[in-house]
DNA sequence: AAACGTTAGTTTTAATTGAACTAATATAAA
DNA sequence: TTTATATTAGTTCAATTAAAACTAACGTTT
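Residue numbers (full-length UniProt numbering), protein chains in the order written: chain A, 1 to 136; chain B, 1 to 136.
As structure tokens, this is what we get:
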């Protein structure tokens with residue numbers, strides 16, 4: 001049956017993605033982070049001007065908990081505090097370069113897959129590939 | 001640049017996989033399980049005749065801990081005990097249907113993607129798709 | 001007696017919290 | 001303008017809670 005062959009192709013494509021994922025996450029030293037911490041980074045990444053209070057609300061925990069959580073993330077070099085210029089009580093929680101890369105790992109991995117595709121296929125194959133995927 | 005289009009295609013294909021993943025994991029009620037428990041299921045799935053002692057060795061914990069771990073998995077309906085026929089001291093740890101499905105979610109999701117591909121593309125497109133993926 | 005798993009109770013560890021605290025700001029009366 | 005008062009943002013710290021794993025003792029089967 002044809003499905004067997006399709007399955008092999010799907011599996012191969014996914015494996016390619018997984019390998020890129022693994023390679024990048026290794027390079028970023030991502031294995032030191034817990035699943036929760038990864039989740040935190042994503043929330044911080046997509047929230048403008050994240051403060052401790054805002055973060056506490058989002059996570060539905062108290063502010064001391066946020067202090068604890070953020071301190072751990074700072075120790076891991078994935079987050080930094082940035083004091084607000086006009087109100088010095090306020091500290092923004094910002095991702096470091098490392099933190100941002102980790103938060104956007106799926107995107108980076110996809111980029112890598114794109115590079116592989118662009119490097120291996122010729123122009124006509126690329127057009128065909130894009131056209132076929134578009135139909136799904 | 002062509003990469004933009006390739007990226008869109010890669011992203012779309014991955015999204016398709018993620019959606020299938022999500023749909024199945026929802027249907028299986030997988031969100032009740034912790035990450036560790038998912039890990040346990042995978043270990044149980046790939047180990048023949050898993051006993052409490054063997055599981056304790058693999059996880060490098062004591063047998064009472066395994067008892068507790070397994071009891072929790074039983075409560076979640078993903079695992080069951082099966083007494084050995086010829087030696088009634090021994091209990092095997094077996095996945096339930098639900099547990100097996102959860103352990104093999106990535107496979108199931110890939111199957112679903114395959115079905116979608118088989119349903120949408122015609123024979124020629126499928127051949128092309130397979131041929132292109134093979135080159136990666 | 002030895003092997004397999006369970007039960008009961010303890011230890012350990014991490015996460016969370018409430019309460020008190022510092023620092024910065026806002027408000028408004030003197 | 002200055003000064004007193006209250007409020008807000010985040011921190012520190014001690015205490016609690018909850019989960020995970022352990023030891024020791026036990027029942028059952030071989």
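The beta-carbon is built from N, C-alpha and C at its ideal position, and this holds for glycine as well. No experiment lies behind these values; they were computed from the predicted model shown.
ask   = In chain A, what lies closer than 9 angstroms to residue 103/B by C-beta?
value = Residues of chain A passing the Cβ test: none, with the nearest at roughly 17 angstroms.
key: Proximity to residue 43/A [Cα-Cα], best of 14/A, 27/A, 78/A and 19/A   = With distances taken between Cα atoms, residue 43/A lies closest to 78/A.
Three-way DSSP call (helix, strand, coil) for residue 81/A in this model = strand
request  = Closer than 9 angstroms, Cβ to Cβ, to anything on chain B: give me those residues from the region 26-41 of chain A, in chain order.
outcome  = 35
message = Taking 8 angstroms as the cut-off, does the region 38-53 of chain B touch the region 95-110 of chain B (at least 3 CB pairs, one atom from each stretch)?
response = yes
task = Specify, as a first and last residue, the run of the beta strand (DSSP E) that residue 94/A falls within.
result = 91-95
query = Can you check whether the CB of residue 61/B is closer than 7 angstroms to the CB of residue 52/B?
reply = Not closer than 7 angstroms, so no.
key: Close Cβ partners of residue 105/B (< 8 angstroms) along its chain, the five nearest in sequence each way excluded   = Closer than 8 angstroms at the Cβ level, and outside the excluded window around residue 105/B, lie 21, 24, 25, 28 and 30.
message = For a quick check, are the C-beta atoms of residue 114/A and residue 10/B less than 7 angstroms apart?
response = yes
inquiry  = Against chain B, does residue 13/A count as a neighbour if the rule is that its beta carbon must be under 7 angstroms from one of theirs?
reply    = yes
Of the residues 5/B, 132/B, 54/B and 3/B, the one placed nearest residue 91/B, counting alpha carbons only = 54/B
inquiry  = If contacts are defined as beta-carbon pairs under 8 angstroms, then residue 120/B and residue 135/A qualify, I think. What distance do you get, rounded to the angstrom?
reply    = 6 angstroms
key: Reference residue 83/A; option with closest CA among 50/A, 7/A, 133/A and 1/A   = Of the candidates 50/A, 7/A, 133/A and 1/A, the one whose C-alpha sits nearest the C-alpha of residue 83/A is 50/A.
request  = Below 8 angstroms on the Cβ atoms is my guess for residue 6/A versus residue 132/B; work out the distance and round it to an integer in Å.
outcome  = Between residue 132/B and residue 6/A the Cβ distance is about 12 angstroms, and since that is not below 8 angstroms, they are no contact.
task = Report the three-state DSSP secondary structure of residue 47/A (helix, strand or coil).
result = coil
ask   = Relative to the C-alpha of residue 172/A, which residue among 63/A, 47/A, 36/A and 125/A is closest?
value = No statement about residue 172/A is possible, as the shown extent of chain A runs from 1 to 136 and does not include it.
ask   = Could one say the Cβ of residue 109/B lies closer than 7 angstroms to chain A's Cβ atoms, at least one of them?
value = no
query = Within 7 angstroms (strictly less), CB to CB, does residue 6/A reach chain B?
reply = yes
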